[in-house]
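Contents: one structure, followed by commentary.
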Amino acid sequence: MSKTEKQDGPVAGLNTRLSHGPYNPAGYHGFVNAPVVHASTVLFPNAGSMRRRGEVRYTYGLRGTPTIEALEAELDALEGSAGTILVPSGLAAVSVPLLAFLRSGDHCLVVDSVYSPTRNFCETVLKRLGVDVEYFDPSLGADIKTKLRPDTGVVFLEAPGSNTFEMMDVRAVCDAAHGVGAVTMLDNTWATPLYFRPLEHGVDLSIHALTKYPGGHSDVMMGSVSATRETITQLRETQMALGINASPDDVYLVLRGLKTMGVRLERHGASALTIAQWLEGREEVARVLHPALPSFPGHDLWRRQFSGTSGLFSFVLAGGGFDEADAFLDALQIFGLGYSWGGFESLAVHANLSDRTIAVAPAEGPVIRLQIGLEDVPDLQADLERGFAAIAALKGNRHAS
Ligand SMILES: *Cc1c(COP(=O)(O)O)cnc(C)c1O
C-alpha cells in the first residue's frame, strides 16, 4: 500500500479526523484537498447509460458532485449519520426538513427557546400549510409526553436554546416523541458535531448552520442536515423536489474551514469561559447565561450530554433597558455589532426575546449576547470595561440632570 492510499486506521482523535477526513487524496491524483467541481451537465457515455441513469454515480450538477459529496461525507463522519444534505443557509437547513416531514393537519412541537427565524418559518409558512404549531418549555424533558398527540409529526429541538442557552434532556424528549411516531430534529449549530452528536441521543435529523464555526470566517453561508438511515431518503427526495443544493465554491470554503475547526473551537471555548467567569464577578452583571458555568440552571444537563462549549454566550445586565444596552454596545471598539457568529471576530448584540411565550426574557435587565472570537482575552475584557464605563457615565448624567 502506497503512502497516498487511505487506510482504515484506529478511530482517531477529533483533530486528526478533521485533518484526514473521509476525502481520499489518492482518488484525485494525490491532491490533498477535494476538487472544486463547477457543474450542471454531466455527459453520459451512451444512450443506454442515460436511460439507466439510476445506476450512474453523477447525473446532473444539482444532484451531486465530487465537491458536494466530499463535504457530505465529512459531516456524516462527524455526526455518525447515514446521509447529509447541503443547503444554501442554516435557515434552509431548518425549513427543508420541516417541509420534508410535515403534512397539512399535522401537529408540530417546537422548543420555545428556538432560533427566531425558525419560529418565523413555523408562524408563516407552516401555519399557512395547515400545520398546528405549538411551542414547549425547554425544561420539559420526559414530560413532553403531556404535549404529544397521535398526530404530532415533528418535535423540533435546539440545544442549548438561542440567546438564553436553556439546556434540555434530548434523550428523554426524543424517546417520548418516538413513542407517538414523531420525527425528531435538533438544531446543533452551537455545539458543532465536535461537542454534541445528536443522533446518539435519539435525534433523527441534526441541523447545522455551517455559516458559523464550520465556515469560521464570516464569509460563507450554508446549512446541512444529517439524517438517520430511516429518514435520509425522504429528506433527500424533498431536497431534490425543491431543487436545492449548495454552490461548489461555498462548499470548498466550508471544507477548508472544517480543517481548523477543532483548534479554533478550543480557543473560542476557552476564551469565552474565561470571560464568562470574569463577568460573573462584576456588579454590572445580574447573571451570565453559559452552560459550562456551575451557576447556570442547565449546567448538569450540559455536562451529561455535551463534551465542550463554543464561544457564544449571553449575560444579563443588572438593571436598565434599551438606553443602557445601546450605551454599552456603542462604547465597544473590538467587538463588532453584527448578526451571526462562529467567525474569527468578536461580536455583540442586544438579544431580542420578544417572540418568546414560555422561556421569556430575564426580568433583571437587557440580555447582551457575545460571540468571543480569536482575539486576546485581555483586549476583549478591556473592551467590555469600556461598555460598562459607558453605562456608568449614562447613570451619572441622569443623576446630575
Ligand atoms: C445562524 C443560525 C441559523 C441560521 O443560519 P444562517 O446560515 O444564518 O441562515 C440557524 N440556527 C441557529 C441556531 C443559528 O444560530
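The sequence shown begins at 33 in the working numbering and counts up one residue at a time.
Ideal Cβ placement from N, Cα and C applies to all residues, glycine included.
Please read these numbers as outputs of a predicted model, since none were measured by experiment.
- Uninterrupted alpha helix (DSSP H) stretches at least 4 residues long and entirely within the segment 245 to 276 occur at 264 to 274, given in chain order.
- Distance from the C-beta of D219 to the nearest heavy atom of ligand 1 is below 6 Å.
- Contact between L180 and A208 holds, with the beta-carbon distance rounding to 6 Å and staying under 8 Å.
- DSSP places I400 inside the beta strand (DSSP E), whose first and last residues are 399 to 403.
- A422 and L364 have their alpha carbons spaced roughly 9 Å apart.
- About 14 Å separates the CB atoms of G248 and G301; that is not less than 8 Å, and the two are not in contact.
- Ranked by Cα distance from I117, the options Y55, L237, S51, G185 are led by L237.
- With contact defined as three or more Cβ pairs closer than 8 Å, the segment 157 to 172 and the segment 389 to 400 are in contact.
- DSSP places M217 outside any alpha helix (DSSP H); the residue lies instead in the beta strand (DSSP E), whose first and last residues are 215 to 219.
- Contiguous beta strand (DSSP E) elements confined to the segment 162 to 230 occur at 164 to 168, 184 to 190, 215 to 219, taking only those with 3 or more residues.
- In this structure, DSSP gives A302 a helical state, which the three-state scheme calls helix.
- Residue pairing by DSSP places G294 in no beta bridge whatsoever.
- In the three-state reduction of the DSSP assignment, Y92 falls in the strand class, which pools E and B.
- Its Cα nearest to that of V286, the residue N65 stands out among A58, N65, G59.
- In its chain, beyond the 5 residues on either side, A71, S72 have a beta carbon closer than 6 Å to the beta carbon of G93.
- DSSP places R319 in the strand class (E or B) of the three-state scheme.
- Not a single heavy atom of ligand 1 lies less than 6 Å from the C-beta of M82.
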